[in-house]
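To start, the structure under review is shown below, and the notes come after it.
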């Protein structure tokens, strides 16, 4: 491995038919020569945050969905958010995007206990995707994944059902040699 892709989006290729990753956008939280870990960020579930937290916080009635972050440890919860002023234990994944690193951050973001006037956008994600040493690099060499710089605003504001298509369009704009609509490309 030459460069860490931590903080990047992995965009599944058209031909990747694994049901865990079909048309998925994965935010890489960790990437080293030993392993890689990421969260699928475009797979909302039918479970709402309010329902998921009902046993722990019966007052909470958030209708936003819990997202399925991957097939590994689906009881593990992750919170991605856009608030730079939260806890010092939060990890900046990319500009405008943080991973909550403490129970205090979780409370402020998910349970809406942040100071008034704080416009926090977030996603609650259950489970993650993991790769062993060299596995992700092998899948990338096979063409299963495309890499795109991540953007917190794109992740938190874009419709999750259309995020894969938006990322693919961005990827094609970055990688194409010729525009798609040139009538006579030989004239270039």
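Numbering (our numbering), first residue to last: 17 to 204. Where a beta carbon is used, it is the ideal one built from N, C-alpha and C, also for glycine.
The beta carbon of residue 125 sits closer than 8 angstroms to the beta carbons of 95, 97, 99, 102, 116, 136, 138 from its chain, once the five residues preceding and following it are set aside; these are given in chain order. Taking all protein chains shown into account, residue 72 has fewer than 16 neighbouring C-beta atoms within 10 Å of its C-beta and is therefore exposed. Within the region 138–191, the beta strand (DSSP E) runs of at least 3 residues that lie entirely inside it are, in chain order, 138–148, 161–165. Residue 54: not part of any alpha helix (DSSP H); member of the beta strand (DSSP E) spanning 51–56, first to last residue. Here DSSP, grouped into helix, strand and coil, assigns residue 65 to helix.
When 53, 120, 68, 113 are compared, the shortest CA-CA separation from residue 88 is found for 53. In the structure shown, residue 112 adopts coil according to DSSP, grouped into three states. Nearest C-alpha to residue 46 among 29, 30, 23, 119: 23.
For the 8 angstroms CB-CB criterion, residue 32 and residue 44 do not form a contact. With 16 or more other CB atoms across the displayed protein chains lying within 10 angstroms of its CB, residue 106 is buried. About 12 angstroms separates the CB atoms of residue 57 and residue 142; that is not less than 8 angstroms, and the two are not in contact.
In this structure, DSSP gives residue 122 a helical state, which the three-state scheme calls helix.
DSSP lists 52 as the beta-bridge partner residues of residue 47. In the three-state scheme derived from DSSP, where H, G and I count as helix and E and B as strand, residue 92 is classed as strand.
In this structure, the alpha-carbon of residue 185 lies about 24 angstroms from that of residue 20.
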